[in-house]
Every structure is written in structure tokens, then in C-alpha cells.
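Have a look at the structure below before the remarks.
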Amino acid sequence: MADPGGTVTVFPLTPERWPDLEALFGPRGACGGCWCMWWRLSRKDFETGKGQSNRAAFHDVVHAGPPPGLLAYVGGAPAGWCALAPRSDYPRLARSRILKPVDGRPVWSVTCFYIRRGRRGRQLSLKLLVAAVRYAASCGAEILEGYPVDPKSGRAADAFVYTGLASTFRRAGFREVARRSETRPIMRLDLSTAR
28 MADPGGTVTV
38 FPLTPERWPD
48 LEALFGPRGA
58 CGGCWCMWWR
68 LSRKDFETGK
78 GQSNRAAFHD
88 VVHAGPPPGL
98 LAYVGGAPAG
108 WCALAPRSDY
118 PRLARSRILK
128 PVDGRPVWSV
138 TCFYIRRGRR
148 GRQLSLKLLV
158 AAVRYAASCG
168 AEILEGYPVD
178 PKSGRAADAF
188 VYTGLASTFR
198 RAGFREVARR
208 SETRPIMRLD
218 LSTAR
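In my numbering, the protein residues as written are 28 to 222.
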């Protein structure tokens with residue numbers, strides 16, 4: 028996985044790598060104080076915790092383990108993030124009318140990507156998603172599910188595609204299994220073929 032700007036490597040986010048996530052996310056926690064807690068909290072708790080409280084909550088998630096996602100490095104510097112875990116770790120998904128469960132099968136979910144400015148548009152999300160497939164399979168997951176955006180009119184602003192693009196998921200072998208909104212498919216990959 029080479030890149031003109033350096034070699035791409037991907038690792039699970041362990042406590043030892045927390046400083047790298049902080050460097051990647053910056054003081055705003057990637058986007059408006061999120062710190063990757065949007066899917067893990069109720070709307071009220073998320074809004075109340077924006078900023079340092081969400082940072083502390085995600086710090087606790089990382090230190091409690093298992094790793095809640097993957098960090099990509101380009102040339103040794105943190106450049107991208109992909110959140111993934113069993114769907115049950117993301118209670119907001121269960122409350123979503125559009126993203127509610129498709130069936131009763133146990134799935135893992137890819138919920139978020141964050142790519143450093145200057146590294147966007149270079150296929151780093153795809154590399155992270157391919158690594159997420161391998162990681163989820165190694166953890167015993169049977170199905171990996173994503174909730175990307177499928178913009179109907181050209182390019183969407185970066186802030187609105189934090190769940191990824193449907194085209195990226197398709198390139199990684201995912202297929203659409205439900206669509207309850209014009210621009211939000213639910214996409215899945217059977218990991219029995221990825222083992």
C-alpha cells in the first residue's frame with residue numbers, strides 16, 4: 028500500500044497510540060468536539076459532552092479495549108482513522124429509523140472515517156476499509172456493515188461524508204442490503220470469504 032507521500036501502514040488504536048489519535052484529531056476532536064462519540068452516546072449526552080468530555084469518554088473507551096478502530100499512518104505520521112466495532116457498541120444505530128438493523132444477524136459496524144487534510148482524495152479511506160475487513164475478520168466477526176453516503180449530485184462536502192462514500196464500500200466488495208433514505212444505503216460484506 029504505497030502512496031507518493033510515503034508508505035501507508037495501519038494499526039489498531041491501542042492505548043499506546045492515543046497520542047497519535049490526538050495529533051490526528053487536533054484540539055477540535057476531528058469535527059466539532061466529536062472525538063468519535065457520536066454513535067456511542069444519546070444526542071443529549073453527545074451535545075453536553077462536546078469537546079473535552081467526549082475526548083475523556085473516548086480516551087476511556089480506548090484504554091478499556093478492545094481497540095475501537097484503526098489508525099493509518101503515511102510516512103510514519105498519523106493520517107487517517109476508521110472506527111469499527113460490534114454494532115452493539117453503537118447504541119445510536121439501534122435508535123435510528125434509517126439505519127436500524129436489517130435483520131437479527133450479529134454484525135460489526137464501520138461508523139466513521141477521518142482523513143487529515145492534505146491526505147484526502149488519495150484512497151486512504153479505501154485502504155482503511157480494506158484493513159477494517161481484515162481486522163474484523165481476525166476478531167471473529169461474520170459480517171461487516173457500513174452506512175455510507177451516496178450523494179446524488181456530484182461531490183459532497185467532507186464534513187458530510189464522515190461515514191464514508193458508497194463508492195468506496197463498493198470498491199472494497201460491500202453490497203447494498205437496505206436503503207431507507209435516498210442517499211444512505213446500508214452495505215455489508217460477508218467476512219467468511221475474507222478469512
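Just so you know, even glycine gets a beta-carbon here, dropped at the ideal spot from N, CA and C. Please read all numbers here as calculations on a predicted model, not as lab measurements.
Problem - Where G103 falls: helix, strand or coil (DSSP) - result: coil
Exercise for the section: Over the uninterrupted alpha helix (DSSP H) stretch that includes P118, give me the two end residues. Expected result: P118 to R122
Exercise for the section: Specify the secondary structure class of V37 as computed by DSSP and reduced to three states. Expected result: strand
Handout entry: Whole alpha helix (DSSP H) elements within the segment 132-216, 4-residue minimum
Key = 151-165 and 193-198
Practice task
Compare the C-beta of L111 with all C-beta atoms of chain C and state if any pair is closer than 8 Å.
Solution key: Among the protein chains of the structure shown there is no chain C, as only one such chain exists.
Exercise for the section: In the DSSP assignment, find the alpha helix (DSSP H) that holds P46 and state where it starts and stops. Expected result: W45 to F52
Practice task
Would you tell me roughly how many angstroms separate the C-alpha atoms of L151 and G59, rounded to the nearest one?
Solution key: 22 Å
Practice task
Can you tell me which of the three DSSP states A29 falls into?
Solution key: Per-residue confidence for A29 stands at a pLDDT of 40, beneath the threshold of 50, marking its modelled position as unreliable; the derived number appears in the next sentence. Residue state, collapsed to three classes: strand.
Exercise for the section: Taking only the alpha-carbon atoms, compute the straight-line gap between F201 and D87 and give it to the nearest angstrom. Expected result: 31 Å
Exercise for the section: Would you check if the segment 171-179 and the segment 48-55 touch, i.e. whether three or more CB-CB distances between them fall below 8 Å? Expected result: no
Exercise for the section: Go through its chain and collect everything with a Cβ distance to F196's Cβ below 6 Å, but skip five positions before and after it. Expected result: G173, P175 and M214
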